[in-house]
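Read through the structure below, which is laid out as structure tokens, and then see the notes.
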Amino acid sequence: MTEYEAWTLMAAFFTSNAIYFLGCIVAVWLGFRMSNNIYEAGNAPVIAKALTTVYCLCVAFFMYGTLSQQITVLSDFAMGFAQAAQTTEISQAAQRIANADTTVPNIVNVLFVLSIITFQMAGVWMKKAD
25 MTEYEAWTLM AAFFTSNAIY FLGCIVAVWL GFRMSNNIYE AGNAPVIAKA
75 LTTVYCLCVA FFMYGTLSQQ ITVLSDFAMG FAQAAQTTEI SQAAQRIANA
125 DTTVPNIVNV LFVLSIITFQ MAGVWMKKAD
């Protein structure tokens, strides 16, 4: 595979991944709406709280999966560019990706998803102050 083909394949993946991410954002927004409605009602049935919790946890799982998939594919392309650099000359952009460290983005993804689910669960299970 040439560098150009790798860039084209990576662009195609990131385009489809962006669409999944937008879908996750809509699902997260819906989770916040449900959480807020339960909080504002103040006396929602436990079954509604449980179903909202399940929904929000599923969305958090999907969101984390989508974000992690992006990091994983970037790491795979980094490995591919690093291997290509051993046999041929690659561009500076490809070399930057080959040298990329994905530790910090992984930590940020975890913190991002945990903050979302924490806010949602607070709205579902906390009592409204009078």
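Mapping of the sequence shown onto my numbering: residues 25 to 154, in sequence order.
Built from N, CA and C at the ideal position, the CB exists for glycine as well.
Being a predicted model, the structure only gives us computed values, none of them experimental.
Cβ-Cβ distance between T77 and V137 below 8 Å = No. Outside cutoff.
Would you call the CB atoms of M103 and C48 closer than 8 Å?
-> Not closer than 8 Å, so no.
Can you tell me the Cβ-Cβ gap for E27 and A108, rounded? I've got them flagged as a contact below 8 Å.
-> Approximately 6 Å separates the beta-carbon atoms of E27 and A108; this is inside 8 Å, confirming the contact.
Would M145 pass as a contact of C82 if the rule is Cβ separation under 8 Å?
-> A distance of 8 Å or more separates the beta carbons of M145 and C82.
Count the other C-beta atoms from every protein chain shown that fall within 10 angstroms of the C-beta of L46, then say buried if there are 16 or more, exposed otherwise.
-> The residue is exposed, with fewer than 16 neighbouring Cβ atoms inside 10 Å.
Pull up the distance between the alpha-carbon of A36 and that of S99, whole angstroms please.
-> The straight-line gap from Cα to Cα measures roughly 16 Å.
If you check the beta carbons only, do Q93 and N41 fall under 8 Å apart?
-> Taking 8 Å as the Cβ cut-off, Q93 and N41 qualify as a contacting pair.
In terms of residue numbering, what span does the alpha helix (DSSP H) encompassing M58 cover?
-> M58 -> alpha helix (DSSP H) spans E27 to A65.
Would you mind reading off the limits of the alpha helix (DSSP H) that contains I121?
-> Its alpha helix (DSSP H) spans residues Q116 to A122.
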